[in-house]
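Enquirer: Below you will find the structure I want to go over with you.
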Amino acid sequence: MKSINSALVLGATGLVGKALVTQLLKDARYNKIICLVRKPLKHSDYPDPNGKLEPIVIDFEDLQDYQGYFSADHVYVCLGTTLKQMKSKTAFRKVDFEYVHIAAQLARAQQAQSFVWISSVGANAKSKHFYLRVKGELENAILAMSGLNSPSAVRPSFLLGERPQPRLVEKLAACVGQLIAPLLFGRLGKYKPVSASQVATRMISLQVFK
1 MKSINSALVL GATGLVGKAL VTQLLKDARY NKIICLVRKP LKHSDYPDPN GKLEPIVIDF
61 EDLQDYQGYF SADHVYVCLG TTLKQMKSKT AFRKVDFEYV HIAAQLARAQ QAQSFVWISS
121 VGANAKSKHF YLRVKGELEN AILAMSGLNS PSAVRPSFLL GERPQPRLVE KLAACVGQLI
181 APLLFGRLGK YKPVSASQVA TRMISLQVFK
């Protein structure tokens, strides 16, 4: 299959982002993978025998200044953090809502063919849980955006994979999740823990190839 598609990835250094870029670099349908990152990538983490990878170090506070990169065929957003990391709800919302929403606006302005981002199982704008409420508000805002081509949210449950700085609570949650996974089926199936590579594969499957 001829390589004619370009991809733009935000959040390439995270658990899903790294799995996604790795898969995109192997995908014959792509000839260019642009990654907007806060700091230089470790190229050893992203095998690139065909020279597709183009990491661009940016300041996400000035994301609008990089609008031209959003003319890529497919835009993938894997940005996300935690309240514990950000220390405040305002800082958390800036990353998980504002940056992603701005990215969607830039993708619309540049007429990207499709836009896929990571949300969360249970996302609901009316949730009492702050994290899920922000995710739900973002879904509503992006899906209501007229002129944005093929927007799709992926809603994973707990993510399995090797994190750069694993925390004890995450290790315990992963163990418990894997133990109870066989009991989660039917309506409860969406709560099964899922690997980062599975989420990445799902994101790619939602893109529109022309």
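When we follow the UniProt record's numbering, the leftmost residue of the sequence shown carries the number 1, and every step to the right adds one.
We put the CB at the ideal spot given by N, CA and C, even for glycine.
1) Please go through the same chain and pick out, in chain order, the residues whose beta-carbon is closer than 7 Å to the beta-carbon of V55, but skip the five residues on each side of it.
2) Measuring CA to CA, which of Q207, I33, R155 and F115 is closest to S195?
3) According to DSSP, H74 sits in a beta bridge with which residue or residues?
4) Helix, strand or coil, according to DSSP, for V16 in the structure here?
5) Looking only at its own chain, which residues have a Cβ that is under 6 Å from the Cβ of Q110, when we skip the five neighbours before and after it?
6) Could you check the C-alpha separation between M145 and Q85 for me, to the nearest Å?
7) Using a threshold of 9 Å, state whether the C-beta atoms of V9 and I33 are closer than that.
8) In three-state DSSP terms, what is K210?
9) For F185, which residues in the same chain have their Cβ closer than 6 Å to its Cβ, ignoring the five residues on either side in sequence?
10) Report buried or exposed for Q140, applying the criterion of at least 16 other Cβ atoms within 10 angstroms of its Cβ.
Expert: Quick look at the numbers:
1) The question names Val, but residue 55 in the sequence shown is Pro. The answer, listed in chain order, is C35, V37, P40 and L41.
2) Comparing C-alpha distances from S195 to each of Q207, I33, R155 and F115 shows the shortest one belongs to R155.
3) H74 pairs with A7 and S114.
4) Reduced to three states, the DSSP call for V16 is helix.
5) Leaving aside the five residues that flank Q110 on each side, the residues in its chain whose CB is nearer than 6 Å to its CB run, in chain order, F70 and S71.
6) In this model, M145 and Q85 are separated by some 30 Å (Cα to Cα).
7) Contact flag set, yes.
8) Coil.
9) Bear in mind that a pLDDT of 47 at F185, under 50, signals an unreliable position, so the number given afterwards is only what the model happens to contain. Closer than 6 Å at the Cβ level, and outside the excluded window around F185, lies no residue.
10) For the sequence presented, residue 140 should be read as Asn rather than Gln. A residue is called buried when at least 16 other Cβ atoms come within 10 angstroms of its Cβ; N140 does not meet this threshold and is exposed.
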